[in-house]
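A.B. asks: This is the structure, below, for whatever I ask next.
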Amino acid sequence: MIADLAPLPADALRAELLAPNGPFTALDVLTRTGSTNTDLADAARNGAPDRTVLIAEEQTAGRGRNTRPWTSPARAGIHVSVLLRPAGVPMPRLGWLMMLGGVVVQRVVSRLCAVEAVVKWPNDLLIGPDRAKCCGVLAEAVVGQDGPAVVLGIGLNVHQRADELPVGPGGLPPTSLAMQGSACLERDRILVELLRELDSAERLWREHGGDPVRSGLIDRYRQVCGTLGQQVRVELPGSDGRNRFLHGVAEDIDADGRLVVRAADGSAQPVSAGDVVHLRPATQPE
Numbered sequence: 001m002i003a004d005l006a007p008l009p010a011d012a013l014r015a016e017l018l019a020p021n022g023p024f025t026a027l028d029v030l031t032r033t034g035s036t037n038t039d040l041a042d043a044a045r046n047g048a049p050d051r052t053v054l055i056a057e058e059q060t061a062g063r064g065r066n067t068r069p070w071t072s073p074a075r076a077g078i079h080v081s082v083l084l085r086p087a088g089v090p091m092p093r094l095g096w097l098m099m100l101g102g103v104v105v106q107r108v109v110s111r112l113c114a115v116e117a118v119v120k121w122p123n124d125l126l127i128g129p130d131r132a133k134c135c136g137v138l139a140e141a142v143v144g145q146d147g148p149a150v151v152l153g154i155g156l157n158v159h160q161r162a163d164e165l166p167v168g169p170g171g172l173p174p175t176s177l178a179m180q181g182s183a184c185l186e187r188d189r190i191l192v193e194l195l196r197e198l199d200s201a202e203r204l205w206r207e208h209g210g211d212p213v214r215s216g217l218i219d220r221y222r223q224v225c226g227t228l229g230q231q232v233r234v235e236l237p238g239s240d241g242r243n244r245f246l247h248g249v250a251e252d253i254d255a256d257g258r259l260v261v262r263a264a265d266g267s268a269q270p271v272s273a274g275d276v277v278h279l280r281p282a283t284q285p286e
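Start counting the sequence shown at 1; every next residue gets the next number (full-length UniProt numbering).
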């Protein structure tokens, strides 16, 4: 990592993104914290308003899916959480916000950074010819006195070196925008594009009551999902505490956001939770 990376310009970000010039209601930049998602979830329970944004230069206790911990070097990446209060959206549809976040990140990285990018179901961004992990998205529901809310967190690797990045589940290789020769490494510029794209996409989804079909979200997700068409191995949690494995071809995303896998016996198996590994052609099922 470069030692003298510039800090994010908090005042400039507020001037561009907060009302009346922008669509957000509050924005803070922390020098260091455990987890922006945890901090913002606490704020949500205490009545923080819709479209509150929290950014950290460094995280020491970040969380991924299944509560996996991860840390990030100071000023090397983008660590941002957004509080959303989508009034009128039924609770079962709130889970689509994590997938919406994946679509948003894929759009911005592809367009602004000129890097090949796809989404690995449900929430990882894979970039470059080797499809290494560059970003994770996590949505967490929060229930407080002001009703349900969702904290949507995005962690994007920008300047990290290979030795600063942990290998993900299933041996998924990590990477950063710098390692892939990104056309843009300006964290403030990427942040502004991410947040503006998120605002636009979430408003459209919210206007349609969170319906992934009528809002077009499910079609946009299918278009950028690099898992579809792949031979996959899915590690599924068992009721007895022992995991089991499903092998097959990832065929579709259904209206509930589940990955539909065509198993070896020809059956279509919808998967709502599990670790997915993309199998290379030479890989044999375990």
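Cβ atoms here follow ideal geometry from the backbone N, Cα and C, with glycine treated the same way.
1) Assuming contact is defined by CB atoms lying nearer than 7 Å, are Thr38 and Ala56 in contact in what I supplied?
2) Does the count of Cβ pairs from the segment 205 to 212 and the segment 42 to 49 closer than 8 Å reach three?
3) Where does Leu5 fall in DSSP's three states?
4) Could you give the distance in angstroms between the alpha-carbon of Gly34 and the alpha-carbon of Ser72?
5) On the DSSP bridge assignment, give the partners of Glu235 in chain order.
6) For Ser215, which residues from the same chain have a beta carbon less than 6 Å from its beta carbon, with the 5 sequence-adjacent residues on both sides left out?
7) For Pro270, does the three-state DSSP call read helix, strand or coil?
8) Once DSSP output is grouped into helix, strand and coil, what is the label at Gln230?
9) Does the separation of the CB atoms of Tyr221 and Met99 fall below 7 Å?
10) Give a yes or no on whether the C-beta atoms belonging to Ala132 and Pro86 are separated by under 7 Å.
11) Excluding sequence positions up to five away, which residues of its chain have a Cβ less than 7 Å from the Cβ of Pro23?
12) Starting from the N-terminal side, write out each stretch of the beta strand (DSSP E) that is 3 residues or longer and does not extend beyond the segment 28 to 63.
13) Would you tell me roughly how many angstroms separate the C-alpha atoms of Leu185 and Ser267, rounded to the nearest one?
14) Based on the DSSP output, what are the partners of Glu140 in its beta bridges?
15) Compute the distance between the beta-carbons of Leu177 and Val192, then report whether it is under 7 Å.
16) Taking its Cβ as the centre, do 16 or more other Cβ atoms sit within 10 Å of Cys134, making it buried, or is it exposed?
17) So for Arg85, helix, strand or coil by DSSP?
C.D. replies: So, to answer that:
1) What you label residue 38 is simply residue 38 of the sequence shown in a count that begins at 1. What you label residue 56 is simply residue 56 of the sequence shown in a count that begins at 1. No.
2) no
3) The residue labelled residue 5 in the question sits at position 5 within the sequence shown. Three-state DSSP puts Leu5 in coil, outside helix and strand.
4) Position 34 of the sequence shown holds residue 34. Position 72 of the sequence shown holds residue 72. Rounded to whole angstroms, Gly34 to Ser72 spans 10 Å at the Cα level.
5) As a position in the sequence shown, residue 235 is number 235, starting the count at 1. DSSP output for Glu235 lists Phe245 and Asp275 as bridge partner(s).
6) Position 215 of the sequence shown holds residue 215. The residues are Leu204, Trp205 and His208.
7) Along the sequence shown, one-based indexing puts residue 270 at 270. Strand.
8) In the sequence shown, residue 230 corresponds to position 230, counting from 1. Of the three classes helix, strand and coil, the one that applies to Gln230 here is coil, per DSSP.
9) As a position in the sequence shown, residue 221 is number 221, starting the count at 1. As a position in the sequence shown, residue 99 is number 99, starting the count at 1. Contact flag set, yes.
10) The residue given as residue 132 occupies position 132 in the sequence shown. The residue given as residue 86 occupies position 86 in the sequence shown. At a Cβ-Cβ threshold of 7 Å, Ala132 and Pro86 do not count as neighbours.
11) The sequence position of residue 23 within the sequence shown is 23, counting from 1. Same-chain partners within the cutoff: Arg51 and Asp199.
12) 52 to 56 and 59 to 63
13) As a working note, residue 185 is residue 185 in the sequence shown. As a working note, residue 267 is residue 267 in the sequence shown. Roughly 45 Å separates the two Cα atoms.
14) Indexing the sequence shown from 1 puts residue 140 at position 140. Paired residues: Val151.
15) If you number the sequence shown from 1, residue 177 lands on position 177. If you number the sequence shown from 1, residue 192 lands on position 192. No.
16) The sequence position of residue 134 within the sequence shown is 134, counting from 1. Buried, because 16 or more other Cβ atoms sit within 10 Å of the Cβ of Cys134.
17) Residue 85 sits at position 85 when you count from the first residue of the sequence shown. In this structure, Arg85 counts as coil in the three-state DSSP scheme.
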